[in-house]
Amino acid sequence: MEKLTFSDIARKAGVAKSTVSRCFNGGSVKEETGAIIAKVIEDTGFEPSTAAQNLKLKSTKTIGIVAPSMTSTVTGRQLTTMDETLRKAGYSVIILTTGHNPDREIEAIEYLRSLRVDGVILIATTITDARERLQDGSSVPFLVLGQNFRHGTSVINDDYGSGYEAGRYARNRGHENVV
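The numbering used here numbers the first residue of the sequence shown as 1 and each following residue consecutively.
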């Protein structure tokens, strides 16, 4: 099926493109004109472009996630949980993997921003100056998981502190040969 635009629908309905746009956005159109546009839409199976609508709304309801891979058990769980949580909140998720390649990581972030996503989540292996510079001057919110990110928000697991607490707990329970 061919991809139709508002202009195509307007031409087939014999009205202006702005009239079709008003009809789709709940604006004022004559009942007779609305019926003609509805008939053309039904006959053609037209579906408006979500991307085009998002440009007007200035929101895509999409979050981009950049991950080093999907094969790690921890990363897989993180991706699944983020996807489920964001979907419940009404967002779509785009997940890009980098194969632990720093250049692909930067390309993925730039690509997601070109799609006008509402935010980027980076499951980072290392934060470099290049990644820091990506955030400077960007209006897209940026969250880094697993690394300290000076120029934005980061969520870090305290592996050392957790290990220390586990060891202290074992010692307090009388375990002497934990290994």
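Ideal Cβ placement from N, Cα and C applies to all residues, glycine included.
Can you tell which of the options has its C-alpha closest to the C-alpha of residue i?
i: residue 63; options: 88, 77 and 103; result: 88
i: residue 112; options: 140, 3, 91 and 42; result: 140
i: residue 9; options: 26, 148, 31 and 39; result: 39
i: residue 4; options: 90, 41, 93 and 14; result: 41
i: residue 58; options: 14, 110 and 119; result: 119
i: residue 72; options: 12, 93, 167 and 99; result: 99
i: residue 102; options: 13, 14, 69 and 26; result: 69
i: residue 157; options: 13, 74 and 29; result: 74
i: residue 44; options: 30, 86 and 13; result: 13
Could you check how far apart the C-beta atoms of residue i and residue j are, in whole angstroms? I think they sit under 8 Å.
i: residue 146; j: residue 124; result: 5 Å
i: residue 67; j: residue 106; result: No, residue 67 and residue 106 are not in contact; Cβ-Cβ is about 14 Å, not under 8 Å.
When DSSP builds the beta bridges, which residues end up paired with residue i?
i: residue 142; result: 120
i: residue 65; result: 95 and 121
i: residue 33; result: Residue 33 is not bridged to any residue.
i: residue 155; result: 145
Quick one: residues in its chain with C-beta nearer than 7 Å to the C-beta of residue i, no 5 flanking neighbours on either side, listed in chain order?
i: residue 24; result: 48
i: residue 46; result: 4 and 9
i: residue 6; result: 17, 20 and 21
i: residue 138; result: 113
Under 6 Å Cβ to Cβ from residue i, same chain only, skipping five residues before and after it: list those, please.
i: residue 116; result: 60
i: residue 121; result: 65 and 143
i: residue 178; result: 170
Looking only at its chain, what residues have a beta carbon closer than 8 Å to the beta carbon of residue i, apart from the 5 residues adjacent to it on each side?
i: residue 15; result: 33, 36 and 37
i: residue 28; result: 22
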